[in-house]
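Asks:
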Amino acid sequence: MATIELRDIAHSYRPDPRGPSDYALRRLSRSWEDGTACALLGPSGCGKTTLLNIISGLITPSEGRILFGGRDVTGLSPERRNIAQVFQFPVIYDTMTVYDNLAFPLRNRGMARPDLDRRVRRVAELLDLTGDLKRRAQRLTPDAKQKISLGRGLVREDVAAILFDEPLTVIDPHMKWQLRRKLREIHKEVRLSLIYVTHDQVEALTFADQVAVMVDGAIVQVGTPQELFEEPAHTFVGYFIGSPGMNLLPCELAEGGARVDGIPIPLPAGPRPDAGPHAGPGARYEIGIRPEFLEIDHLGRAAGNGGAAPGLVPVDVTDVAFLGTHRIVTARLGRHTVKVKLDEGRPVPGDPGLRFPPGRTKLYRDGVLVN
Amino acid sequence: MDKPWNNRAWLLVLPVVAIVAFSAILPLMTVVNYSVQDIFGPGQAYWVGTEWYRKVLEDERLRDALLRQMLYSLAVLAIEIPLGVAIALCMPSGKGWRTSLTLVLLALPLLIPWNVVGTIWQIFARGDIGLGGAALQRLGLDYNYTGDPLDAWLTVLAMDVWHWTSLVALLAYAGLQAIPPAFYQAAKIDGASRWSVFRYIQLPKMRGVLIIAVLLRFMDSFMIYTEPFVLTGGGPGNATTFLSQFLTRMAVGQFDLGVAAAFSIIYFLIVLLFSYVFYTFITKVGTGDAR
Numbered sequence: 000m001a002t003i004e005l006r007d008i009a010h011s012y013r014p015d016p017r018g019p020s021d022y023a024l025r026r027l028s029r030s031w032e033d034g035t036a037c038a039l040l041g042p043s044g045c046g047k048t049t050l051l052n053i054i055s056g057l058i059t060p061s062e063g064r065i066l067f068g069g070r071d072v073t074g075l076s077p078e079r080r081n082i083a084q085v086f087q088f089p090v091i092y093d094t095m096t097v098y099d100n101l102a103f104p105l106r107n108r109g110m111a112r113p114d115l116d117r118r119v120r121r122v123a124e125l126l127d128l129t130g131d132l133k134r135r136a137q138r139l140t141p142d143a144k145q146k147i148s149l150g151r152g153l154v155r156e157d158v159a160a161i162l163f164d165e166p167l168t169v170i171d172p173h174m175k176w177q178l179r180r181k182l183r184e185i186h187k188e189v190r191l192s193l194i195y196v197t198h199d200q201v202e203a204l205t206f207a208d209q210v211a212v213m214v215d216g217a218i219v220q221v222g223t224p225q226e227l228f229e230e231p232a233h234t235f236v237g238y239f240i241g242s243p244g245m246n247l248l249p250c251e252l253a254e255g256g257a258r259v260d261g262i263p264i265p266l267p268a269g270p271r272p273d274a275g276p277h278a279g280p281g282a283r284y285e286i287g288i289r290p291e292f293l294e295i296d297h298l299g300r301a302a303g304n305g306g307a308a309p310g311l312v313p314v315d316v317t318d319v320a321f322l323g324t325h326r327i328v329t330a331r332l333g334r335h336t337v338k339v340k341l342d343e344g345r346p347v348p349g350d351p352g353l354r355f356p357p358g359r360t361k362l363y364r365d366g367v368l369v370n
Numbered sequence: 000m001d002k003p004w005n006n007r008a009w010l011l012v013l014p015v016v017a018i019v020a021f022s023a024i025l026p027l028m029t030v031v032n033y034s035v036q037d038i039f040g041p042g043q044a045y046w047v048g049t050e051w052y053r054k055v056l057e058d059e060r061l062r063d064a065l066l067r068q069m070l071y072s073l074a075v076l077a078i079e080i081p082l083g084v085a086i087a088l089c090m091p092s093g094k095g096w097r098t099s100l101t102l103v104l105l106a107l108p109l110l111i112p113w114n115v116v117g118t119i120w121q122i123f124a125r126g127d128i129g130l131g132g133a134a135l136q137r138l139g140l141d142y143n144y145t146g147d148p149l150d151a152w153l154t155v156l157a158m159d160v161w162h163w164t165s166l167v168a169l170l171a172y173a174g175l176q177a178i179p180p181a182f183y184q185a186a187k188i189d190g191a192s193r194w195s196v197f198r199y200i201q202l203p204k205m206r207g208v209l210i211i212a213v214l215l216r217f218m219d220s221f222m223i224y225t226e227p228f229v230l231t232g233g234g235p236g237n238a239t240t241f242l243s244q245f246l247t248r249m250a251v252g253q254f255d256l257g258v259a260a261a262f263s264i265i266y267f268l269i270v271l272l273f274s275y276v277f278y279t280f281i282t283k284v285g286t287g288d289a290r
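These protein sequence lines are chains A and B, in that order.
With numbering that gives the first Met the number 0 as the guide, the letters of the first sequence map in order to residues 0 to 370.
With numbering that gives the first Met the number 0 as the guide, the letters of the second sequence map in order to residues 0 to 290.
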């Protein structure tokens, strides 16, 4: 068991990388505490699998070092690092029984028979495979095969971390839930570090204690699922996580808030956001707010005696989609489209206005959260 | 549920039926005719029953030829399959000029017409001017494929290996290329040795193509005709006279059509039986749950 530490890791598949665009993985440093369940979340081609393969040792990074529990393993091959990996497509040894599949890594490491038998049976029990031990692995369903792949990592006593590369891709939807729950159960039981690569936010958010969101070869935010949802550090995290994603509206700064197409939006009090060191005349500002946090109300009623309601922005509702427990209201605000999540049962007002709660409204400068 | 039924659908199958009938079934039935009758000419046929068959089965030369044939096919399989797999394992993978070059080089022998292959080897193995034959004699070996039965045998075998191992190698290579990289990566992480990777990943994944390779090589070698005919003419003596050549000699040389027809039927049944038994055996083995 060990902390996994990446120091200034970068990787390019080209022999002579020049600009940052030649890097599949840009320079980054991170460490994962022992025993955490962590997810690497990002769209295809963001470098998450490259990062995973660097940790497992299938790829040697172009730059930087990787340490397991303080020991430099950068140059070590996968079998000499204490990790196991579960791949996108289940890898099993077709001609072997389930038992032999599970025993294979131990036999290769020369474990004595009684120990081996005990460990294989324990892992089989953990994975609900005891009844299948004598069966040929080839005959099993994809989810059982994937459990065997995982089991080959779990049997080894030297494993510090198990890495998953989109392991649920080929699993039936209803089995995905079960397998994911099984994974969490196992994580509680064995307290191994698990690193899980996926492009599916639901998988990442339900699986992990800590999610690292990646885009274009860089990690843009690391946090608990709640942090990613409530405080996206980057506009990418905002719209990639959540369904629908965060509303992002280009804006100009004004006294006490921002203006979207000239419409004032209140922002939380604080130092003026255009005063920081990165602020220049060319900086691009956006406000972001999640559809869940926007409030929709009657313009007229809130106004009371005919005047403009405080904090309410008039919008035109263009579409309402019914999604069972809630509705997604699409509205036009100036030249922009805004989505609002409305709980079922609450009506859409005839004279709709939007309220941007200041604590929930985020300001981004060039894609990065201000404050 | 009612399934639509329309007899006109048979029309779609008709062209295939016609082709198979004219190219396979009619000739085969003609052979059956010849094997049970004594035919002198149109309208002059006499029923002889199983006489030709009895005659064929009693023929000692035929039994020798059959034994020779089996030995030859087994030798071909025993050499070409492992050698082809070994070559496939050594071949470069991925895209690049090395892969293309290897594939082209391997495909070359397969593109040469069979009688040309025989001629090439006939010259290659000559003791006076042939590159191979002369080289062997220079080394002090008493090599003479036209006079020594063992030398003739080895030459025919070498020719077949040269001609057909490429096919096995290419099939095995295709099988290897179809293995996803994750299998090798997983094996690496599991600490598998090179041998284990071969035994538990590569070999099982090549199973399908190897079954086809074995079947093709068995049937082809069992019916080999052109190359030994050109190279040795079946000699010295009858040392390299295999079944098909024996049959041709009987039918065309001695005009013993009845016996030759009976022999053809037996020959056909042997190939069919071998292929069937082999195929069912190989597809059943290694898929059962039993261990």
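Ideal Cβ placement from N, Cα and C applies to all residues, glycine included.
#1: Just to confirm the assignment: which complete alpha helix (DSSP H) runs, minimum length 4, are found wholly within the segment 186–230 of chain B?
#2: Can you give the Cα-Cα distance for serine 195 of chain B and arginine 25 of chain A, rounded to whole angstroms?
#3: How many angstroms separate the CA atom of alanine 253 of chain A from the CA atom of histidine 10 of chain A?
#4: In angstroms, rounded to a whole number, what distance separates the CA positions of glycine 291 of chain B and threonine 231 of chain B?
#5: Would leucine 191 of chain A and isoleucine 147 of chain A be called neighbours here (beta carbons separated by less than 7 Å)?
#6: Could you check which residue in A:Lys133, A:Arg134, A:Val259 has the C-alpha nearest to that of glycine 372 of chain A?
#7: Chain B beta carbons: is any one of them nearer than 7 Å to that of phenylalanine 235 of chain A?
#8: Is the segment 89–98 of chain A close to the segment 230–250 of chain A, with three or more CB pairs under 8 Å?
#9: Please tell me whether valine 337 of chain A and isoleucine 295 of chain A are closer than 7 Å, where the distance is taken between their beta carbons.
#10: How about alanine 83 of chain A: is its C-beta nearer than 7 Å to some C-beta of chain B?
#11: Going by CA-CA distance only, name the one from A:Asn52, A:Asp142, A:Gly358, A:Glu156 that's closest to histidine 173 of chain A.
#12: Based on DSSP bridge pairs, tell me the residues matched to asparagine 246 of chain A.
#13: Quick check on the burial criterion: 16 or more other C-beta atoms within 10 angstroms. Buried or exposed for lysine 47 of chain A?
#14: Counting only C-beta atoms, is alanine 191 of chain B closer than 7 Å to chain A at any point?
#15: Taking the alpha carbon of valine 270 of chain B as the point to measure from, which residue in B:Val208, B:Trp163, B:Ser22, B:Met222 has its own alpha carbon closest?
#16: Tell me which same chain residues have a C-beta within less than 6 Å of the C-beta of tyrosine 52 of chain B, skipping the five on either side of it?
#17: Can you give me the C-alpha to C-alpha distance between valine 251 of chain B and alanine 151 of chain B, rounded to a whole angstrom?
#18: Could you check whether the Cβ of isoleucine 188 of chain B sits closer than 7 Å to any Cβ belonging to chain A?
#19: How about proline 42 of chain A and histidine 233 of chain A: do their beta carbons lie closer than 7 Å?
#20: Distance, Cα to Cα, valine 84 of chain B vs valine 367 of chain A?
#21: With a threshold of 8 Å on Cβ separation, who are the neighbours of isoleucine 111 of chain B within its own chain once the five nearest residues in sequence on each side are excluded?
#22: So with CB distances below 8 Å, who are the chain A contacts of alanine 185 of chain B?
#23: Which residue from A:Leu293, A:Ala211, A:Glu62 puts its Cα closest to that of leucine 311 of chain A?
#24: For proline 81 of chain B, does the count of other Cβ atoms within 10 angstroms reach 16, so buried, or fall short, so exposed?
#25: Anything in the segment 16–44 of chain A with a Cβ closer than 7 Å to a Cβ of chain B? List those residues in chain order, please.
#26: Restricting to runs no shorter than 3 residues, where is the beta strand (DSSP E) found entirely within the segment 166–231 of chain A?
#27: How about alanine 181 of chain B: is its C-beta nearer than 7 Å to some C-beta of chain A?
#28: Starting from the beta carbon of leucine 57 of chain A, find every residue of chain B whose beta carbon is closer than 7 Å, and list them in chain order.
#29: For valine 229 of chain B, which option in B:Leu272, B:Phe182, B:Gln244, B:Arg216 has the closest C-alpha, if you only look at C-alpha atoms?
#30: At a Cβ threshold of 7 Å, is aspartate 93 of chain A touching chain B?
#31: Inspect the beta-carbon positions of alanine 330 of chain A and valine 347 of chain A and report whether they are closer than 7 Å.
#32: Can you tell me where the beta strand (DSSP E) with phenylalanine 67 of chain A in it begins and where it stops?
#33: By Cβ distance below 6 Å, which residues in the same chain neighbour alanine 203 of chain A in space, the five residues on each side in sequence not counted?
#34: Just to confirm, are arginine 134 of chain A and valine 97 of chain A a CB contact at a threshold of 7 Å?
#35: Hey, could you find the ends of the alpha helix (DSSP H) glutamate 50 of chain B is sitting in?
#36: Mapping DSSP to helix, strand and coil, what is leucine 268 of chain B?
Replies: On the basis of the supplied data:
#1: 193–196, 202–221, 225–230
#2: 37 Å
#3: 42 Å
#4: Residue 291 of chain B is absent from the model: chain B starts at 0 and stops at 290.
#5: no
#6: The requested residue 372 of chain A is not part of the displayed model; chain A covers only 0 to 370.
#7: no
#8: no
#9: no
#10: yes
#11: A:Asp142
#12: A:Ile288
#13: With 16 or more Cβ atoms within 10 Å of its Cβ, lysine 47 of chain A is classed as buried.
#14: yes
#15: B:Met222
#16: Ala261
#17: 24 Å
#18: yes
#19: With contacts defined by Cβ atoms closer than 7 Å, proline 42 of chain A and histidine 233 of chain A do not form a contacting pair.
#20: If you take the alpha carbons of valine 84 of chain B and valine 367 of chain A, they lie about 56 Å apart.
#21: Ile119, His162
#22: Chain A residues near alanine 185 of chain B: Gln84, Phe86, Val90, Ser148, Arg151.
#23: Checking every option, the nearest Cα to that of leucine 311 of chain A belongs to A:Leu293.
#24: exposed
#25: Correct list: empty, as no residue qualifies.
#26: 192–197, 209–214, 217–222
#27: yes
#28: Gln184
#29: Ranking B:Leu272, B:Phe182, B:Gln244, B:Arg216 by Cα distance to valine 229 of chain B puts B:Gln244 first.
#30: yes
#31: no
#32: 62–67
#33: Answer for alanine 203 of chain A: Ala38, Leu40, Thr197, Val210, listed in chain order.
#34: yes
#35: Start and end: 50–57.
#36: Residue state, collapsed to three classes: helix.
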